[in-house]
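Accompanying notes for the structure given below.
In our numbering, the protein residues as written are 23 to 355.
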């Protein structure tokens, strides 16, 4: 494992982080989840990402239980707030009431006194940004979080939030966007703004919901037991890539992966880590062997010629439109 600073902050994290978005508390039970987390720890992963909304709060509980007994100072635990966690009108969003109640719920489920990074899971267009940032500042000042970050914010939203954070003297250090060799919408605007502000990317779905592993073949039935066949496991997220034109291009990457001595999954994770603004790539797993495979992308340096060939293959199907950033009001559901 190798380690990087998160943005321009003093926080060092593992360049491969372990996340439990679509697995713990839904697809994977406690024993299997604990086995995956043990595999992550054994591989040198120290950074763990979750959110209060994952598996209706169960994912935080599963992670907290699995990490019991570990030296807390040796871990970086991240969680998020925004999406609904209850039926009440204030059980969602980035209003002060929801933030202050949510951090306490997350800490209870994670069985810890603080999180290292507390993130706004999306931008809240219905709440004044000043209210949100003041609440986050109070979370930090109370010792319940060391740093703040966001997920899927646009360049303009990052600049506005960062300016308020500076006024409030709280460390706003990260953005968590979707990013892969197929989904590159952060490159034109979000990455330049983040480099300017000292914000690092902690990216999710570096293997495009499994598509960049090559397990989905053009013209073939979807493999049983995969994410694409599990309505609870993100099938709707995978669907955009299950076109023959995409799957054929992914298969063309195999010789490049072999040349580099990598699996397709390792190549995909290594590719996102070549971006100097990426501090970590989040991997998920339902089996320990998936962790063992993907962590081998740590420390890999891809040759410029291989990167160029890879991007030429995927160029016709890769998506780069910055307007598709989830923080754009047009994309909020």
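We treat Cβ as the ideally placed atom computed from N, Cα and C, and that holds for glycine.
- In the three-state scheme derived from DSSP, where H, G and I count as helix and E and B as strand, residue 160 is classed as helix.
- Along the segment 49 to 116, the beta strand (DSSP E) occurs as fully enclosed runs of 3 or more residues at 69 to 71, 98 to 103, listed in sequence order.
- Between the C-alpha atoms of residue 274 and residue 290 there is a straight-line separation of about 13 Å.
- For residue 171, no alpha helix (DSSP H) run applies; the uninterrupted beta strand (DSSP E) run containing it begins and ends at 167 to 172, by DSSP.
- Taking every protein chain shown into account, the CB of residue 176 has 16 or more other CB atoms within 10 angstroms, so this residue is buried.
- In the three-state DSSP reduction, residue 323 falls in the coil class, being neither helix nor strand.
- As computed with DSSP, residue 196 is found in a beta bridge with 171, 222.
- Look at residue 215 here: in three-state DSSP terms it is helix.
- Nearest to residue 121 by C-alpha distance, out of 156, 87, 92, is 156.
- Secondary structure of residue 205 (DSSP, three-state): strand.
- In the three-state reduction of the DSSP assignment, residue 141 falls in the strand class.
- For residue 317, there is no enclosing beta strand (DSSP E), as DSSP gives it neither H nor E.
- Taking the C-beta atoms as reference points, residue 79 is found no nearer than 8 Å to residue 116.
- Residue state for residue 335 is assigned as helix, using DSSP reduced to three classes.
- Annotated three-state conformation of residue 229 is coil, per DSSP.
- About 13 Å separates the beta carbon of residue 260 from that of residue 306, a gap too long to meet the 8 Å contact definition.
- Between the C-alpha atoms of residue 338 and residue 267 there is a straight-line separation of about 9 Å.
- Per DSSP, the unbroken beta strand (DSSP E) holding residue 304 starts and ends at 300 to 305.
- Assigned with DSSP and collapsed to three states, residue 127 falls in helix.
- Judged by DSSP in its simplified three-state form, residue 241 adopts coil rather than helix or strand.
- Sequence-distant Cβ neighbours of residue 210 in its own chain, meaning closer than 6 Å and more than five residues away, are 344.
- Judged by DSSP secondary structure, residue 183 falls within the alpha helix (DSSP H) whose first and last residues are 177 to 190.
- With contacts defined by Cβ atoms closer than 8 Å, residue 31 and residue 193 form a contacting pair.
- Counting C-beta pairs closer than 8 Å gives three or more between the segment 295 to 304 and the segment 222 to 230, which meets the contact rule.
- Residue burial annotation: residue 184 is buried, with at least 16 other C-beta atoms found within 10 angstroms of its C-beta.
- Residue range 286 to 295 is occupied by the alpha helix (DSSP H) that includes residue 292.
- Counting C-beta pairs with one atom in each stretch, the segment 94 to 106 and the segment 55 to 62 have fewer than three that are closer than 8 Å, which means they do not touch.
- A distance of 8 Å or more separates the beta carbons of residue 82 and residue 320.
- Residue 189 and residue 158 have their C-alpha atoms roughly 13 Å apart.
- Distance between residue 162 and residue 153, taken at the CA atoms: about 14 Å.
- At the C-beta level, residue 282 and residue 324 come within 8 Å of one another.
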